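Below is one structure, written out as structure tokens; the observations come after it.
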Amino acid sequence: MLIRRASAVISVLVGIVCLLLPSQAWAHDGGGTDVGGCNSTWVCAGVDLPGHPGGAGGGGGTNGGTGGGGGSKGDGRTCETGAKERSPGWPCSIPGVGQWSESYGCYIRKLEPQPPKSDPVWQGHTTGAIYAFACMSQAHARPTPADGFARWSETDPLGQNGPSAAELAQRALSMMRLDGAKIGSAPPAGAKGLVGMPVWLWTAQTPNTWGPISTTASAGGLSVTATAHVKSISWAMGDGTSVTCAKPGTPYEKSYGKRESPDCGHTYTKVPDGGSYNITATSIWVIDWTATNGETGTLPNETRTAGTAINIGELQVVN
122 MLIRRASAVI
132 SVLVGIVCLL
142 LPSQAWAHDG
152 GGTDVGGCNS
162 TWVCAGVDLP
172 GHPGGAGGGG
182 GTNGGTGGGG
192 GSKGDGRTCE
202 TGAKERSPGW
212 PCSIPGVGQW
222 SESYGCYIRK
232 LEPQPPKSDP
242 VWQGHTTGAI
252 YAFACMSQAH
262 ARPTPADGFA
272 RWSETDPLGQ
282 NGPSAAELAQ
292 RALSMMRLDG
302 AKIGSAPPAG
312 AKGLVGMPVW
322 LWTAQTPNTW
332 GPISTTASAG
342 GLSVTATAHV
352 KSISWAMGDG
362 TSVTCAKPGT
372 PYEKSYGKRE
382 SPDCGHTYTK
392 VPDGGSYNIT
402 ATSIWVIDWT
412 ATNGETGTLP
422 NETRTAGTAI
432 NIGELQVVN
């Protein structure tokens, strides 16, 4: 099961050999029940874990690590307190596999989506959640094929007292600067347009006005990256109409003449009271996030507004 690649990186294939450990081996978390196995549709899909780059030595010994197990870093940090590796070449978290638990000797993640409550994996429980375990043998000096199984637990087996992935996603969002549109228009603000002539609208396309823009928040060995982009801009034109544009809009050039905008524009049909229309652009920001423990999600949409004004008159004909 141990594969030596040309790059000297060893990968352990989880899920090809799955031996469900006795439940008493996991009793120390107080409330877990071993369920499922390699015939489960929820786990044991076969994933590659990055191996120790040193070859036959496996995960043994250096920097305070224990062979195949968690251990602490030479600087005293552990996976639970911010280390990025549990031992050289073995990350504390692997997307889609889970977060390393030094007490269990396993990568653990909460299954998303959760199996339906009718699935036998729940064993009749209605609270708690189902977690996937990918466990490394600590009985060998080097990593060996892992046991992979699903397990119900009333509480989080990782014992994370820090923020959840969703909470870290919200924290990452708070570090972003999401702006409203940086409006461009033809005719430009302060200039005069004519009734019946096309008005072009657009926004400068920057990370802060259109996206994508990403930030990362971390705590307790868990990191979440949130990425935001504008889904659309709704332009309230001041004459009672609204234009929704799924693109940032095309900046006007003189060579376009009297053509309409190909993706974001409007035509006024009457002269406004006071001579100008106030325009409000509302940007709809969509925010997705991914966590190093394999969780993903979407935060509620954010909106940002910006405004401008356009003077509109009628063509005067002199006889």
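The sequence shown begins at 122 in our numbering and counts up one residue at a time.
We put the beta carbon where it would ideally sit given N, CA and C, even for glycine.
Being a predicted model, the structure only gives us computed values, none of them experimental.
Exercise. Between Q244, T336 and E288, which lies nearest to A271 when the distance is taken from Cα to Cα?
Worked result: Against the sequence shown, residue 271 aligns to sequence position 150. Cα-wise, what sits closest to A271 is Q244.
Problem set entry | Bridge-paired residues (DSSP) for P212 | As a position in the sequence shown, residue 212 is number 91, starting the count at 1. P212 is bridged to E206.
For this session: Specify, as a first and last residue, the run of the alpha helix (DSSP H) that Q291 falls within.
Result: The residue you call residue 291 lines up with position 170 of the sequence shown. Q291 -> alpha helix (DSSP H) spans A286 to S295.
Exercise. Are the region 214-225 and the region 401-421 touching, with three or more C-beta to C-beta distances below 8 angstroms?
Worked result: yes
For this session: Use the C-beta contact count for S397: other C-beta atoms within 10 angstroms, 16 or more gives buried, fewer gives exposed.
Result: Here residue 397 refers to the residue found at position 276 when the sequence shown is read from its first residue. The residue is buried, with at least 16 neighbouring Cβ atoms inside 10 Å.
For this session: May I ask you to list the residues that DSSP assigns as paired with A271?
Result: Working through the sequence shown from its first residue, we reach residue 271 at position 150. Note: A271 sits in a beta bridge opposite A253.
Exercise. Going by the beta-carbon positions, is the gap between Q326 and P369 smaller than 7 angstroms?
Worked result: Along the sequence shown, one-based indexing puts residue 326 at 205. Along the sequence shown, one-based indexing puts residue 369 at 248. Yes. Within cutoff.
Exercise. To which residues does DSSP link C227 through a beta bridge?
Worked result: Counting from one through the sequence shown, the residue named residue 227 turns up at place 106. DSSP output for C227 lists S222 and C256 as bridge partner(s).
Exercise. Alpha carbon to alpha carbon, what distance is there between K379 and R425?
Worked result: Here the question's residue 425 lines up with position 304 in the sequence shown. Here the question's residue 379 lines up with position 258 in the sequence shown. For R425 and K379, the distance between alpha carbons rounds to 31 angstroms.
Problem set entry | Cβ-based neighbour list, T365, same chain, cut-off 8 angstroms, excluding 5 preceding and 5 following | Locating residue 365 in the sequence shown gives position 244, where the first residue counts as 1. Around T365: S353, I354, S355 and W356.
Problem set entry | Distance between G226 and N422 (C-alpha atoms, nearest Å) | The residue you call residue 422 lines up with position 301 of the sequence shown. The residue you call residue 226 lines up with position 105 of the sequence shown. Between N422 and G226, the C-alpha separation is close to 39 angstroms.
Exercise. Across which residues does DSSP place K352 in a beta bridge pair?
Worked result: In the sequence shown, residue 352 corresponds to position 231, counting from 1. Partner(s): none; K352 has no beta bridge.
Problem set entry | Same chain, Cβ closer than 8 angstroms to I400, neighbours up to 5 away in sequence not counted | Reading the sequence shown from its first residue, position 279 is the one you call residue 400. Correct list, in chain order: I304, S306, L322, W356, A357, M358, G359, G428, T429, A430 and I431.
Problem set entry | Under 7 angstroms between C-beta atoms of A293 and T336 | Position 172 of the sequence shown holds residue 293. Position 215 of the sequence shown holds residue 336. It is a contact, given that the beta carbons lie within the stated cut-off.
Exercise. Is V316 helix, strand or coil by DSSP?
Worked result: Stepping through the sequence shown from its first residue, residue 316 is reached at position 195. V316 falls in the coil class under three-state DSSP.
Exercise. In whole angstroms, what is the alpha-carbon distance linking F254 and S339?
Worked result: Mapped onto the sequence shown, residue 254 falls at position 133. Mapped onto the sequence shown, residue 339 falls at position 218. If you take the alpha carbons of F254 and S339, they lie about 22 angstroms apart.
Exercise. What is the DSSP secondary structure of T388, reduced to helix, strand or coil?
Worked result: What you label residue 388 is simply residue 267 of the sequence shown in a count that begins at 1. Three-state result, T388: strand.
Exercise. Where does S397 fall in DSSP's three states?
Worked result: Working through the sequence shown from its first residue, we reach residue 397 at position 276. Of the three classes helix, strand and coil, the one that applies to S397 here is strand, per DSSP.
For this session: Give the single residue among M297, S239 and V316 whose Cα lies nearest to the Cα of G332.
Result: Sequence index remark: in the sequence shown, residue 332 carries index 211 (1-based). Nearest C-alpha to G332: M297.
Exercise. Who are the near neighbours of A302 in its chain, counting only those whose CB is closer than 7 angstroms to its CB and skipping five residues on each side?
Worked result: To locate residue 302, count along the sequence shown from 1; it is residue 181. Excluding sequence neighbours, A302 sits near T324, T330, I354, A402, S404 and A427.
Exercise. How would you write the range of the beta strand (DSSP E) that C366 sits in, first residue to last?
Worked result: As a working mapping, residue 366 is identified with position 245 in the sequence shown. Unbroken beta strand (DSSP E) run through C366: S363 to C366.
Exercise. Can you tell which of L299, P309, I334 and L343 has its C-alpha closest to the C-alpha of L289?
Worked result: For the purposes of this step, residue 289 is taken as the residue at position 168 of the sequence shown. Among L299, P309, I334 and L343, the Cα nearest to that of L289 belongs to L343.
Exercise. Quick one: what's D409 bridged to in DSSP?
Worked result: If you number the sequence shown from 1, residue 409 lands on position 288. The partner list for D409 (beta bridge, DSSP) reads T348 and T419.
Exercise. Candidates S274, P309 and V407: which alpha carbon is nearest V351's?
Worked result: Taking the sequence shown and counting its residues from 1, one reaches residue 351 at position 230. That would be V407, whose Cα lies nearest to the Cα of V351.
For this session: Figure out for me which residue from P234, W410 and A367 has the closest Cα to the Cα of T346.
Result: As a position in the sequence shown, residue 346 is number 225, starting the count at 1. Ranking the options by Cα distance to T346, first place goes to W410.
Problem set entry | Buried versus exposed call for D300 [16 or more other C-beta atoms within 10 Å across all chains shown] | On the sequence shown, residue 300 is found 179 positions in, with the first residue counted as 1. Per the 10 Å Cβ criterion, buried.
For this session: Can you give me the start and stop residues for the beta strand (DSSP E) that G359 sits inside?
Result: Taking the first residue of the sequence shown as 1, we reach residue 359 at position 238. From DSSP, G359 is part of no beta strand (DSSP E); its letter is neither H nor E.
For this session: Give me the Cα-Cα distance between V168 and Y228, rounded to the nearest whole angstrom.
Result: Translated into positions along the sequence shown, residue 168 becomes position 47. Translated into positions along the sequence shown, residue 228 becomes position 107. At V168, the pLDDT of 39 sits below 50, so the modelled position is not reliable and the matter cannot be decided from this model.
Problem set entry | N- and C-terminal bounds of the beta strand (DSSP E) containing A307 | As a first step, residue 307 is located in the sequence shown; it is residue number 186 there, counting from the start. Counting along the chain, the beta strand (DSSP E) containing A307 begins and ends at I304 to A307.
Exercise. With burial defined as no fewer than 16 other Cβ atoms inside 10 Å of the residue's Cβ, what is the status of P383: buried or exposed?
Worked result: For this step, residue 383 is matched to residue 262 along the sequence shown. Looking at its Cβ environment, which holds fewer than 16 other Cβ atoms inside 10 Å, P383 is exposed.
Exercise. Measuring CA to CA, which of R207, K313 and E381 is closest to V392?
Worked result: Here residue 392 corresponds to residue number 271 of the sequence shown, with the count starting at 1. Of the listed residues, the one whose Cα sits closest to V392 is K313.
For this session: Can you check DSSP and say which residues form a bridge with L322?
Result: Residue numbering aside, residue 322 sits at position 201 when the sequence shown is read from its first letter. According to DSSP, which records beta bridges pairwise, L322 is partnered with S306.
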